[in-house]
Amino acid sequence: MTILRRVRAPGKLVLVGEYAVLDGGPAVVLAIDRGVQCIVHAAPELTIETPDSDTRFVGPALQGAPAGHYQFTAWNPVDLPGKPGFGGSAAACVAACIAGGRPGEDALAVHAAVQGGGSGVDVRAALAGGMIRVEGETITPLPPVLPSVVFSGASARTGPRVSQYLAWADRDDFLAASRAAALSFAADPMGAFATNLAALRAMAQAAGVDYLTPPLARIVQLARDHGGAAKPSGAGGGDCAVALFPDKAAQRAFEVACHREGLVPIPVRIAPGAHALTPESP
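For the sequence shown, counting from 1, position 238 maps to 240 in my numbering; every step adds exactly one.
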């Protein structure tokens, strides 16, 4: 089939600000080269193909789109038995909007409507690329840093953890600590990790959120053992941790130590925002 368009949208890592972003607090988010690609083939009518036949996010984004066969695939997928949470639904929604001729920003409303809310930081990361601080509708580009990313060995559901957090009323101190971490990240990334992790652990204990699982706690400890700082990326309970170090040697030693314990580092690169490629692009 003739290829008409090809669109690629990055995935994301939340570095600091999880949970607090639901209350409008700032979060630092990094776009990475593990996302979603949409290839549009010439066809007489609009059809959609996804790897798991799930069109919840891309179907609404393609309403009114030109005829064609819209084929969604993972871009640079991870070959692991579990599925790390890199914001695939947001990336797919952004890719669908652009592939269908809509502004990419339409994905903010589409994704929120399908998901039933959310902070929108994963959509904004897919749109902006690089590293950004998100606070409400204000987007501030930041000089990017590239952490080590380590899979905990299990996926985790965000929804139940978010519900427990939102049911916890005494959030003021947590929100203040999270805000301080997000605003200090550009100047002191490792210190911001430590500040945010302490606030998140205290929040999880008070709100009853299953946050720092034993594998995630082990990754955090290994990072400390190698002179760095680490924390879960996202809602916790599984998925990935991110880690920062003062130098490359310490980072490499940490990743070797993780491998020895069956904790898998995932190579990532900083990615640009969602964009169309030439139809013949690989």
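Note that beta-carbon positions come from the ideal geometry of N, C-alpha and C, so glycine has one too.
Range of the contiguous beta strand (DSSP E) that encloses residue i
i: Phe153; result: Ser150 to Phe153
i: Lys14; result: Ile5 to Val18
Opposing strand residues paired with residue i [DSSP bridges]
i: Phe74; result: Cys40
i: Gly131; result: Pro274
i: Ile50; result: Tyr72
i: Ala231; result: Leu246
i: Leu144; result: Met133
i: Ala252; result: DSSP lists no partner for Ala252.
i: Pro267; result: Val152
i: Val125; result: None, per the DSSP bridge assignment.
i: Ala33; result: Lys14
i: Leu279; result: Arg8
From the options, residue whose alpha carbon lies closest to that of residue i
i: Phe74; options: Gly87, Gly89 and Asp54; result: Asp54
i: Ala114; options: Pro68, Tyr72, Gly131 and Arg58; result: Arg58
i: Ala219; options: Gly131, Ala278, Val270 and Cys242; result: Cys242
i: Arg8; options: Tyr72, Ile272 and Arg271; result: Tyr72
i: His43; options: Arg10, Thr140 and Gly70; result: Gly70
i: Ala98; options: Ala171, Thr49, Arg226 and Gly210; result: Thr49
i: Asp172; options: Gly120, Ala209, Thr160 and Ala232; result: Ala209
i: Ile272; options: Val112, Leu144, Leu6 and Val258; result: Leu144
i: Leu168; options: Val211, Glu107 and Pro216; result: Val211
i: Pro68; options: Gly103, Leu246, Ala204 and Ala200; result: Gly103
i: Ile41; options: Val60, Val23 and Thr197; result: Val60
i: Ala94; options: Lys14, Gly66 and Pro46; result: Lys14
i: Met133; options: Val147, Thr140 and Ala109; result: Val147
i: Ala101; options: Phe153, Gly122 and Gln39; result: Gln39
i: Gly119; options: Gly161, Pro83 and Phe187; result: Gly161
i: Glu311; options: Ile141, Leu82 and Arg135; result: Outside the displayed span of the chain (3 to 284) sits residue 311, for which this structure offers no information.
i: Phe247; options: Asp190, Glu51 and Glu47; result: Asp190
i: Arg135; options: Phe187, Thr197 and Leu279; result: Phe187
i: Ser157; options: Gly238, Asn78, His261 and Asp81; result: Gly238
i: Asn78; options: Arg10, Ala111 and Ala63; result: Arg10
i: Ala232; options: Phe153, Leu185, Arg159 and Asp174; result: Phe153
Beta-carbon separation (whole angstroms), residue i vs residue j, contact threshold 8 Å
i: Glu20; j: Gly236; result: 6 Å
i: Ala276; j: Pro12; result: 7 Å
i: Val96; j: Ala128; result: 4 Å
i: Val244; j: Val151; result: 6 Å
i: Gly131; j: Pro274; result: 4 Å
i: Val18; j: Phe176; result: Actually they are not in contact, since the Cβ atoms of Val18 and Phe176 sit about 13 Å apart, beyond 8 Å.
i: Val164; j: Leu199; result: Going by Cβ atoms, the distance from Val164 to Leu199 rounds to 18 Å, so no, they are not a contact pair.
i: Tyr213; j: Leu202; result: 6 Å
i: Val366; j: Val123; result: There is no way to answer for residue 366, as the model of the chain reaches only from 3 to 284.
i: Leu265; j: Gly155; result: 7 Å
i: Ala63; j: Val16; result: Actually they are not in contact, since the Cβ atoms of Ala63 and Val16 sit about 22 Å apart, beyond 8 Å.
i: Thr215; j: Gly240; result: 6 Å
Span of the alpha helix (DSSP H) around residue i
i: Gly236; result: Looking at the DSSP string, Gly236 is not in any alpha helix (DSSP H), and its letter there is neither H nor E.
i: Ala200; result: Pro191 to Ala209
i: Gly90; result: Gly90 to Ala101
i: Tyr167; result: Thr160 to Leu168
i: Val80; result: Neither: Val80 is in no alpha helix (DSSP H) and is coded neither H nor E.
i: Gln117; result: Asp108 to Gln117
i: Leu185; result: Asp174 to Ser186
i: Leu62; result: Note on residue identity: the sequence assigns Pro, not Leu, to residue 62. Pro62 -> alpha helix (DSSP H) spans Val60 to Ala63.
Interface flag, residue i vs chain B, CB-CB below 9 Å
i: Asp227; result: Included in the structure is just one protein chain, with no chain B present.
Quick check: the stretch 22-32 against the stretch 173-182, are there 3 or more CB pairs under 8 Å?
yes
Counting pairs of beta carbons, one from the stretch 85-97 and one from the stretch 31-38, are three or more of them closer than 8 Å?
yes
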